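Here the sequence shown stands for residues 31 to 197, where the numbers follow my numbering.
Glycine included, each C-beta is placed from N, C-alpha and C at the ideal position.
Predicted model only: the values in this text are computed from it and were never measured.
In what follows, a single structure is set out as C-alpha cells and then discussed.
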Amino acid sequence: ELERRGWVREVTAELWIGALAPIADRAEASGVVLSRAADEAWLARYQRKGVSEVALKVLGSGPSVWFATVPGTSEGAAPAAIGRCVVDGRWASFAAVEVDPALRRRGLASTVMAALARRALDEGASAAWLQVEEDNAGARALYAGMGFAAHHAYHHYREPADSGSGQ
Numbered sequence: 031e032l033e034r035r036g037w038v039r040e041v042t043a044e045l046w047i048g049a050l051a052p053i054a055d056r057a058e059a060s061g062v063v064l065s066r067a068a069d070e071a072w073l074a075r076y077q078r079k080g081v082s083e084v085a086l087k088v089l090g091s092g093p094s095v096w097f098a099t100v101p102g103t104s105e106g107a108a109p110a111a112i113g114r115c116v117v118d119g120r121w122a123s124f125a126a127v128e129v130d131p132a133l134r135r136r137g138l139a140s141t142v143m144a145a146l147a148r149r150a151l152d153e154g155a156s157a158a159w160l161q162v163e164e165d166n167a168g169a170r171a172l173y174a175g176m177g178f179a180a181h182h183a184y185h186h187y188r189e190p191a192d193s194g195s196g197q
C-alpha cells in the first residue's frame, strides 16, 4: 500500500536469532578490548558518521551495554573492527559489527562477536538477535555460519517528497 501511494522502500532487513554459546566458542577473542562506552576510536570506525548527542545516548542505552574494539594496525589508526552488544536478561542484541574494508575476510567480525557473546553469557544471556540488511551478503553468510537464522523481515520506507504534511 505504501508503494502504491508513492513511498520509497529504502531498506529491507531481517531480524535473525541464534544461541550464544556457539558464537562464543567460534573464535579466540584475544586482542578485543571491551568497554562500557563508545570512545573516539570506536566512533572512528562506526559507519554512521557525524554521530549526534542523541545517537550517542541511543548507542549507550540498554540494561548492560558493551562496545568491542580491535585496535587498528598502526598507532592512531581507526580500529580494525568494532561491535556493540546489549544484554537484557536472557537475550543479547548485536549491532554495529564493522570491519575495516581492507581487513575483511580475516575473522575479525567473528572475533568481535565471540568476545561480546562471552560477555553476554557471563551475564546470564543464552540467546541473541541482530538485524541484517537483505543486500548484505557477506554479513548474512557470516551470521548463518554462526547459527543465526531469520525470524522475520521488515522494510523502511521514505515518504514521497511531494506529500506535503505527510497526511
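Do residue j and residue i come within 7 angstroms of each other at the CB atom, strictly closer than that value?
i: ALA67; j: ALA122; result: no
i: VAL162; j: ALA155; result: no
i: VAL142; j: ALA74; result: no
i: ASP118; j: PRO93; result: yes
Give me the Cα-Cα distance between residue i and residue j, rounded to the nearest whole angstrom.
i: ALA49; j: ALA191; result: 42 angstroms
i: ALA145; j: GLU31; result: 43 angstroms
i: ARG149; j: GLU33; result: 42 angstroms
i: THR103; j: PRO109; result: 8 angstroms
i: TRP72; j: VAL116; result: 16 angstroms
i: VAL95; j: ALA183; result: 25 angstroms
i: GLU40; j: GLU70; result: 29 angstroms
i: LEU151; j: ARG120; result: 9 angstroms
i: PRO52; j: GLY177; result: 7 angstroms
i: ARG35; j: LEU64; result: 46 angstroms
Could you pull out every residue in the same chain whose Cβ sits closer than 7 angstroms to the Cβ of residue i, ignoring the five residues on either side in sequence?
i: ALA139; result: ALA111, VAL127, VAL129 and LEU172
i: GLY113; result: ALA98, PHE124, ALA126, VAL127, VAL142, MET143 and LEU146
i: TYR187; result: LEU32, TRP37, VAL38, ARG39 and GLU40
i: GLU153; result: SER94 and VAL117
Output needed for residue i: all residues of its chain with C-beta closer than 6 angstroms, excluding positions within five of it in sequence on either side, in chain order.
i: THR42; result: GLU164 and HIS185
i: ALA167; result: none
i: LEU89; result: ALA68
Starting from the C-beta of residue i, find all residues in its chain whose C-beta is less than 8 angstroms away, skip the five residues before and the five after it, and write them out in chain order.
i: HIS181; result: GLU44, LEU45, TRP46, ILE47 and TRP159
i: GLY196; result: Only weak support exists for where GLY196 lies, its pLDDT of 49 falling under 50; the coordinates are left without a value.
Closer than 6 angstroms to a non-hydrogen atom of the ligand NAD - does that hold for the CB of residue i?
i: ILE53; result: The model on display carries no ligand, and the ligand NAD is accordingly not part of it.
For the alpha helix (DSSP H) containing residue i, name the first residue and the last one.
i: SER123; result: That residue, SER123, is in no alpha helix (DSSP H); its beta strand (DSSP E) goes 121 to 129.
i: ALA158; result: No alpha helix (DSSP H) contains ALA158, which is instead part of the beta strand (DSSP E) from 157 to 163.
i: ARG148; result: 138 to 152
Which residues bound the beta strand (DSSP E) around residue i?
i: ALA180; result: 179 to 188
Within the stretch 38 to 116, note down every full beta strand (DSSP E) run reaching 3 residues or more, in order along the chain. Taking only runs of at least 3 residues, the beta strand (DSSP E) segments lying wholly in the stretch 38 to 116 are 38 to 49, 63 to 65 and 94 to 100.
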